[in-house]
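Enquirer: The following block contains the structure, expressed as structure tokens.
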Amino acid sequence: MNHTNHTFSVVLFFVFLLFTQCPKPISARTPAPSPTPTANDEDSSPTPTPTSSSGPTSDSPISNSERFELSLSEIGVQKATVASQTKEANLANKQLEGIEHKIEEFKTILMKREEGSASESTKSCLAQCQENLEEAIDGVKMGIESINDQDLEKANVDISGISTDVETCNDCFIELDAKDKDINAFTEWVKGVTKECLSNLKKIKN
């Protein structure tokens, strides 16, 4: 009987020992949600320090902000150049428009003089002046068109032709030894304005 109890005790001991050695099943746990950061946490969190880069490589392409910064100075120069060109071109066009307006007025004055003039030579010069001034107006229009087309070489020729046409009118009276003060003064005015206009065109760079 004692032997049987002893054997039973040994069996129980080994069963208990086997039970303690078996791995326990791992239960699947749902990860706990991360705590929501508070305003205090955000304030206390350190600001990441940007690392310096030795330059863009194939592994680190240039960002949009970097590309904008690199081209900013060039864009500024282009804008300044275009603005300057536009300013000078507009000024030259305004001067030409002013010349055209004055020529139209002067044509009317000369036409009235032609109607009331008794001298045939004077009438002949006044009639010629009408043609010369009409050609000068055509030169003004072509000059404006050339400036707008950015054809500065042709614009120089057109504008130079304006003063030449007006001078031709004045030369007719000079050849008659009958220098006309009004026509001479108008000629000098046109020459002065066209000279300024040509000077403005020189400031425009292609």
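All letters in the sequence shown, in the order written, are residues -28 to -1, 1 to 178 by mature numbering (1 follows the signal peptide of the UniProt record, and there is no 0).
The C-beta atom is built at its ideal place from N, Cα and C for all residues, glycine as well.
1. Helix, strand or coil for Asp123 per DSSP?
2. Along the chain, where does the alpha helix (DSSP H) containing Asp154 start, and where does it finish?
3. Assuming the contact rule is C-beta atoms closer than 8 Å, Ile75 and Ile109 should be a hit. Round their C-beta distance to whole Å, please.
4. Alpha carbon to alpha carbon, what distance is there between Ala127 and Leu173?
5. Classify Ser91 as helix, strand or coil using the three-state DSSP reduction.
6. Please go through the same chain and pick out, in chain order, the residues whose beta-carbon is closer than 7 Å to the beta-carbon of Gly133, but skip the five residues on each side of it.
7. Enumerate in chain order the residues of its own chain whose CB-to-CB distance from Glu86 is below 6 Å, with the five nearest sequence positions on each side excluded.
8. Among Cys101, Leu68 and Glu92, whose alpha-carbon lies nearest the alpha-carbon of Ile81?
9. Apply the 10 Å Cβ neighbour rule to residue 192 and answer buried if 16 or more other Cβ atoms are within range, or exposed otherwise.
10. Tell me whether the beta-carbon of Phe145 lies closer than 8 Å to the beta-carbon of Ile155.
11. Under a three-way DSSP split, which group does Ala150 fall into?
12. Check Ala(-1) in the structure and name its three-state DSSP category.
13. Going by C-alpha distance, which of Leu63, Thr58 and Asn142 is nearest Phe158?
14. Take Val165 as the anchor and find which of Asp149, Lys153, Ile176 and Val138 has the nearest alpha-carbon.
15. Report yes if the CB atom of Ser118 is closer than 8 Å to the CB atom of Lys163, and no otherwise.
16. Which same chain residues end up closer than 8 Å to Gly88 when comparing Cβ atoms and leaving out the 5 residues on each side of it in sequence?
17. Measure the CB-CB distance between Pro64 and Cys169 and report whether it falls below 8 Å.
18. Thinking C-alpha only, which one of Lys175, Lys113 and Lys153 is nearest Gly70?
19. Anyone know if the C-beta pair for Ile176 and Leu105 falls short of 8 Å?
Expert: Walking through what the data contain:
1. coil
2. Lys153 to Lys174
3. 6 Å
4. 8 Å
5. coil
6. Gly111
7. Lys95 and Leu98
8. Cys101
9. Lying before the first or after the last residue shown, residue 192 is absent from the chain, which here runs from -28 to 178.
10. yes
11. coil
12. Note on Ala(-1): pLDDT 45, under 50, position unreliable in the model; the coordinate value appears next. DSSP places Ala(-1) in coil when its eight states are reduced to three.
13. Asn142
14. Val138
15. no
16. none
17. In the sequence as displayed, the identity of residue 64 is Ala instead of Pro. Yes, the pair counts as a contact, with Cβ atoms nearer than the cut-off.
18. Lys113
19. no
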